[in-house]
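Colleague: Protein sequence lines, in the order shown, are assigned to chains V and P.
The numbering of the first sequence is my numbering, which starts it at 303 and goes up by one.
The numbering of the second sequence is my numbering, which starts it at 124 and goes up by one.
Here you go, one structure.
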Amino acid sequence: MAKVTLTIDQKTVEAEPGDPLLEVAKKAGVYIPHLCYMDDLPSYGGCRLCAVEIEGVRGLPLACTTQVTDGMVVRTDTAPVRELQRGVMETILSEHPDRCLTCHRKIHCLPNWICLRDDVVTDRCVTCAKNQWCELQQVSEFLGMEGTGRFYEEGRSWYGAREEIPLERENPFIERDYNKCILCARCVRVCDEVRGVGAISVTYKGDKARIDTPFGIPLHETNCELCGACVDVCPTASLMDKTTKWAGLPDKLVSTICPYCGTGCQLLLHVKGERIVRVSADAEGAVNKGQACVKGRYGLDFVHHPERLTTPLIRDNGAFREASWDEALDLVASRLGDYRGEEFAAIASSKCTNEDCYILQKFARVVMGSNNVDHCARL
Amino acid sequence: MAGLATTFGSGAMTNSIADLGQAACILAIGTNTTEAHPVIALQLKQMARRGGKLIVANPHWIELCRHATMWLRQRPGSDVALIGGMMRVIVDEGLADSNFIQERCENFDALRESLAAFSLERVSQITGLPQEQIREAARLYATSSSAAIVYAMGITQSSHGTDNVQALADLAMLTGNIGKPGSGVNPLRGHNNVQGSCDMGCLPNVFTGYQSVADGGIRERFEAAWGVSLNPKPGLTLGEIFDAAHDGTVKAIYLVGENPVITDPNAAHIEEALKRLEFLVVQDIFLSETARLAHVVLPAASFAEKEGTFTNTERRVQRVRQAISPVGNSRPDWWITVQLAMRLGAQGFSYEHPAEIMDEIARLTASYGGMAYHRLENGGLQWPCPSPNHPGTSILHREAFTRGKGHFVPVEYRGSLEQPDEEYPLILNTGRMLYHFHSSTLTRRVKGLRELHSEERVEINPQDAVSLGIADGDLVKVTSRRGAVTVRAKVAEGTPPGSLFMTFHFPDTVTNLLTQPGRDPVSKIPELKFCAVRVAKVA
Ligand code: FES
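Below is the structure:
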């Protein structure tokens, strides 16, 4: 189909007709605040945050549910748009702790400092594990919520406003804290529409509404597969990786391939120093497009396991002793030197890389003169 | 994957993972996809959600059944009969794609003749399925605009695995479901790099890219590239290697990253074979049960500590990138092997970086000819990718089959090697579950995964449980002709009457003490999915 041309904030943009405006703007580098839209899923229109102005259209339509048409003229940064977005944000934040979002000192504060501005020190930015990588915080900063409306100075909206909801942390991997939930429903949609599982849904109504499992049973007792897709899409600290939530920001992200099954999911390893502190699914993955399973996401701790072999071992009188590489390699080479051709066999691993495998079969064939080389693909 | 190679000329997944989501119909047989390949299962669910027809053929109730249009609960080991029956319906009702058969295939008459033995009465008797269900499944598959077949170990780990695969390939060709989007025959490989290790020539009869070691011309090319004269005699397969070690003809083994003492059928035999070796060197990241038997153990770096590539089940070569330094004094596997080669005086083993190894692979392997690290940065490439500008191949056999014409192989139903009898009345099936992997060398070292599932359970149908006086959680003893294991019972509706199910993830309960070493005559894959056992409560 022919492409359409539209303008977003004076930029001329080409797009496929019918694409969601929010997506088109994002690709053109124009950020429209949003908290419920997810790439590659049908628009939901739940958070009402993505309002824009479109010439010839009445009111302030939502960018996620608007499909682009030819000649559309869009403005995202006008006073009425921002005013509406701040109003929406204020409503969203009325259900969420807000010190982490609106305190003007938050970038100066460090963990365990005593907060001079606030008597409720248990609910500050530095006591939230998502501090500095929280989507809600980012949107709030973008809209300049700090010091606006009811967040002015010591005015506060949240403390004591709601009964506390107990945490659910009975399974080993995912922690749920619905006190921080803004009901964007992304987790519900990803679990149902992408994973086809549907372990959670929006339950109750009105101000009692919240996300939960059937009958509120613990997550791992439902049909949940603990894939962590909900954690990846949560814009707040409601859904967190239980064991790594406090690891903070990584030094670097390394994109690599999962070592488990043959699907070939691309994972992002969050690395701090010499440790993998968290794993997430890579949205750029050719096969998995941002999805993973419980093993890839939560099953890579073996890398740092204390039982990892860290030095060559040589059997001496029935027991192993540690040896240097030189000693071990010399020994193996001299022992293998006694066998040639059919007396020797190499067994390769389908967990190793192509390069490892290639070298091993070359070794068997070239050095040992043997075609006795196989691996466990037959199993 | 011998079956596919005979029929098409290539044993890999014909289509792509993303492509499965586009199919109008999918037949998922012998795969518990949501547990063993959860992310591929997303495509199957997506397809069903969009209104596609999902046919699940599995003796066990699996999660995928929730999304299925039809669930065929054939008897364990009766897959060939089921597929033969479906083909018979397709031929009889004129649903075959005669243009495709005429233009692209050969040996159709032989197939048609063989189908004479698959009357629905007989098929229904063997499979235990009502005739109407078989008919309906055949129609669904044959009349959809595109239909894909997805299978895994349930099809291959059988003494007639090759027959199973060939029958599936026949079914696809019969309906023209090859070489177009949303179709094909798609084996799901179990390990991250099974496809790659096969592609790389870690097989006794072929060099890289399935080039036969017995072919003089091919051998000459490798001899020229490697600067040595090469052994023309195909080597021993895995099972044969252990047999040879047992009787002393193989004296030294260099074993990398495997744990056959746990994962191989007839575990006791393997252990004995390894103990008889004059020299065993094991290279791994943990001191596995197998490594404990070694004379020398070499510590390998894990996937997170090295550069390289893996090839996934859809033939996609993707980059593995180093995130941290090798733990302790461990080293990448390729580096260790290279050091040994140099100490043994070999030439042509001086590599600075795995990228150079890939360049050598590309020079010697047509299907990898266009692979190079700089081209694999964004999402990798699917082989065949023969030249530096080739975009890779997402669907095989588009114009013609790798071997020219698709070759129909007549189907023949043979029962499983070991049939249940009075003494061993039940069938034991083995498989995987979501939270663990293979011998669980890796997963049992992950605290959370261990918490979720820490011990083996044998699953038994409520009907059998009642008649044997077994309750959920009871300690029971499962006995086969080869050994016995004691394990807790789990009463589960999903397991068909007359069958038991166990995983093989737990070294404390070596399920493979029970399974039998009978192998498929062609692929040499052991029959892990079917053996006769009895079960009794431990007093
Ligand atoms: S992103 Fe548009 S309404 Fe939430």
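Backbone N, C-alpha and C fix where the C-beta goes; we use that ideal spot for every residue, glycine too.
List the endpoints of the continuous beta strand (DSSP E) containing I513 (chain V).
Modeller: Position 211 of the first sequence, counting from 1, holds the residue named residue 513 (chain V). I513 (chain V) -> beta strand (DSSP E) spans R512 to D514.
Colleague: Of all the options V:S345, V:L351, V:G373 and V:C352, which has the alpha carbon lying nearest to the alpha carbon of G358 (chain V)?
Modeller: Position 56 of the first sequence, counted from the start, is the residue given in the question as residue 358 (chain V). Looking at the Cα atoms, V:G373 is the closest of the given residues.
Colleague: Comparing C-alpha positions only, which one of V:G361, V:C436 and V:V370 sits nearest to H398 (chain V)?
Modeller: Counting from one through the first sequence, the residue named residue 398 (chain V) turns up at place 96. Per the Cα distances, V:C436.
Colleague: For A539 (chain V), which residues from the same chain have a beta carbon less than 7 Å from its beta carbon, with the 5 sequence-adjacent residues on both sides left out?
Modeller: As a first step, residue 539 (chain V) is located in the first sequence; it is residue number 237 there, counting from the start. Correct list, in chain order: C430, A431, K432, C436, D479 and K482.
Colleague: When DSSP labels each residue in this structure, what does R610 (chain V) get in the three-state scheme?
Modeller: As a position in the first sequence, residue 610 (chain V) is number 308, starting the count at 1. Correct three-state label for R610 (chain V): coil.
Colleague: In the region 384-462 of chain P, which residue ranges form an unbroken alpha helix (DSSP H) of at least 4 residues, counting only runs that do not cross its ends?
Modeller: If we require 4 residues or more, the alpha helix (DSSP H) runs fully inside the region 384-462 of chain P come out as 390-398.
Colleague: Counting C-beta neighbours from all protein chains within 10 Å, is the total for R521 (chain P) 16 or more, i.e. buried, or is it exposed?
Modeller: Against the second sequence, residue 521 (chain P) aligns to sequence position 398. Classification for R521 (chain P): exposed.
Colleague: Measure the CB-CB distance between T309 (chain V) and E316 (chain V) and report whether it falls below 7 Å.
Modeller: By one-based count along the first sequence, residue 309 (chain V) stands at place 7. By one-based count along the first sequence, residue 316 (chain V) stands at place 14. The answer is no: Cβ separation not under 7 Å.
Colleague: If we count Cβ pairs, one from each stretch, closer than 8 Å, do we get three or more for the region 510-521 of chain P versus the region 131-150 of chain P?
Modeller: With the cut-off at 8 Å, the region 510-521 of chain P and the region 131-150 of chain P touch.
Colleague: I need the DSSP call for R262 (chain P), collapsed to helix, strand or coil.
Modeller: To locate residue 262 (chain P), count along the second sequence from 1; it is residue 139. Helix, per DSSP.
Colleague: By alpha-carbon positions, which one of P:K374, P:V440, P:G358 and P:I341 ends up nearest to G566 (chain V)?
Modeller: Here the question's residue 566 (chain V) lines up with position 264 in the first sequence. When each option's Cα is compared against that of G566 (chain V), the closest is P:V440.
Colleague: What I want to know is whether the C-beta of H476 (chain P) ends up closer than 6 Å to one or more non-hydrogen atoms of the ligand FES.
Modeller: Here residue 476 (chain P) corresponds to residue number 353 of the second sequence, with the count starting at 1. Outside the cutoff, so no.
Colleague: Express the C-alpha separation of E158 (chain P) and G362 (chain P) in angstroms, rounding to a whole number.
Modeller: In the second sequence, counting from the first residue as 1, residue 362 (chain P) sits at position 239. In the second sequence, counting from the first residue as 1, residue 158 (chain P) sits at position 35. The straight-line gap from Cα to Cα measures roughly 27 Å.
Colleague: Count Cβ pairs between the region 569-580 of chain V and the region 490-502 of chain V that sit closer than 8 Å; are there 3 or more?
Modeller: Taking 8 Å as the limit for Cβ pairs, the verdict is that the region 490-502 of chain V does not touch the region 569-580 of chain V.
Colleague: Taking 7 Å as the cut-off, decide whether the C-beta atoms of I152 (chain P) and A180 (chain P) are in contact.
Modeller: Mapped onto the second sequence, residue 152 (chain P) falls at position 29. Mapped onto the second sequence, residue 180 (chain P) falls at position 57. Cβ atoms of I152 (chain P) and A180 (chain P): closer than 7 Å.
Colleague: 7 Å is my cut-off, CB to CB: does E624 (chain V) come that close to chain P?
Modeller: Counted from its first residue, the first sequence places residue 624 (chain V) at position 322. Not one chain P Cβ lies under 7 Å of E624 (chain V).
Colleague: On the three-pair Cβ rule with 8 Å, is the region 261-277 of chain P touching the region 174-191 of chain P?
Modeller: In short, these stretches touch, since the Cβ pair count reaches three.
Colleague: Can you tell me whether DSSP reads T372 (chain P) as helix, strand or coil?
Modeller: For this step, residue 372 (chain P) is matched to residue 249 along the second sequence. DSSP places T372 (chain P) in coil when its eight states are reduced to three.
Colleague: Please state whether DSSP places M296 (chain P) in a helix, a strand or coil.
Modeller: Taking the first residue of the second sequence as 1, we reach residue 296 (chain P) at position 173. Helix.
Colleague: Tell me, which residues are paired with W194 (chain P) by DSSP?
Modeller: On the second sequence, residue 194 (chain P) is found 71 positions in, with the first residue counted as 1. BP columns for W194 (chain P) point to P:V179.
Colleague: What did DSSP end up calling C188 (chain P) once you bin it into helix, strand or coil?
Modeller: By one-based count along the second sequence, residue 188 (chain P) stands at place 65. Looking at C188 (chain P) - three-state DSSP - the assignment turns out to be helix.
Colleague: Can you say whether T360 (chain P) is buried or exposed, counting buried as having 16 or more other CB atoms within 10 angstroms of its CB?
Modeller: For the purposes of this step, residue 360 (chain P) is identified with residue 237 of the second sequence, where counting begins at 1. Label assigned to T360 (chain P): buried.
Colleague: Could you check what DSSP says for P322 (chain V) in three-state terms: helix, strand or coil?
Modeller: Taking the first sequence and counting its residues from 1, the one referred to as residue 322 (chain V) is at position 20. P322 (chain V): strand per DSSP, three-state reduction.
Colleague: Would N619 (chain V) count as contacting chain P if we go by Cβ distances under 7 Å?
Modeller: The residue you call residue 619 (chain V) lines up with position 317 of the first sequence. No, no contact with chain P.
Colleague: So, at 7 Å on beta carbons, what are the nonlocal neighbours of N316 (chain P) in its own chain, with the 5 sequence-adjacent residues on each side left out?
Modeller: Looking up residue 316 (chain P) in the second sequence gives position 193. Closer than 7 Å at Cβ, skipping near neighbours: F433 and T434.
Colleague: Three-state secondary structure (DSSP) at S582 (chain V)?
Modeller: Position 280 of the first sequence, counted from the start, is the residue given in the question as residue 582 (chain V). Here S582 (chain V) sits in strand by DSSP.
Colleague: Since M625 (chain P) and E579 (chain P) should fall inside the 8 Å C-beta cutoff, what is the C-beta to C-beta distance between them, to a whole number of angstroms?
Modeller: Taking the second sequence and counting its residues from 1, the one referred to as residue 625 (chain P) is at position 502. Taking the second sequence and counting its residues from 1, the one referred to as residue 579 (chain P) is at position 456. Rounded, the Cβ-Cβ distance is 6 Å, consistent with contact.
Colleague: The region 433-445 of chain P: which residues have C-beta closer than 9 Å to a C-beta of chain V, in chain order?
Modeller: The region 433-445 of chain P vs chain V, Cβ under 9 Å: F433, T434, N435, T436, E437, R439, V440, Q441, R442, V443, R444 and Q445.
Colleague: Step through the CB atoms of chain P and report whether any lies within less than 7 Å of the CB of R667 (chain V).
Modeller: Within the first sequence, numbered from 1, the residue matching residue 667 (chain V) stands at position 365. Closer than 7 Å: yes.
Colleague: Shorter than 6 Å, the distance from the beta carbon of C338 (chain V) to the closest heavy atom of the ligand FES, or not?
Modeller: The residue you call residue 338 (chain V) lines up with position 36 of the first sequence. Checking the Cβ of C338 (chain V) against the ligand FES gives yes.
Colleague: If you measure from the CB of G347 (chain V), is any heavy atom of the ligand FES nearer than 6 Å?
Modeller: Numbered from its first residue, the first sequence carries residue 347 (chain V) at position 45. Yes, Cβ of G347 (chain V) sits closer than 6 Å to a heavy atom of the ligand FES.
Colleague: The region 506-537 of chain V: which residues have C-beta closer than 8 Å to a C-beta of chain P, in chain order?
Modeller: Under the 8 Å Cβ criterion, the region 506-537 of chain V contributes H522, N525, E527, L528 and C529.
Colleague: In terms of DSSP beta bridges, what is G500 (chain V) paired with?
Modeller: Here residue 500 (chain V) is taken as the residue at index 198 of the first sequence, counted from 1. In DSSP, G500 (chain V) forms no bridge with anything.
Colleague: Please find out if some non-hydrogen atom of the ligand FES comes closer than 6 Å to the beta-carbon of R350 (chain V).
Modeller: Against the first sequence, residue 350 (chain V) aligns to sequence position 48. For the ligand FES, at least one heavy atom lies less than 6 Å from the Cβ of R350 (chain V).
Colleague: Leaving out the 5 sequence neighbours to the left and right, which residues in its chain are closer than 8 Å to P322 (chain V) when beta-carbon positions are compared?
Modeller: Position 20 of the first sequence, counted from the first residue, corresponds to residue 322 (chain V). Correct list, in chain order: Y339, S345, A365, C366, T367, T368, Q369 and V370.
Colleague: Beta-carbon within less than 7 Å of P335 (chain V)'s beta-carbon, same chain only, minus the 5 sequence neighbours each way: which residues are those?
Modeller: Position 33 of the first sequence, counted from the start, is the residue given in the question as residue 335 (chain V). L351, C352, Q387, V441, F444 and L445.
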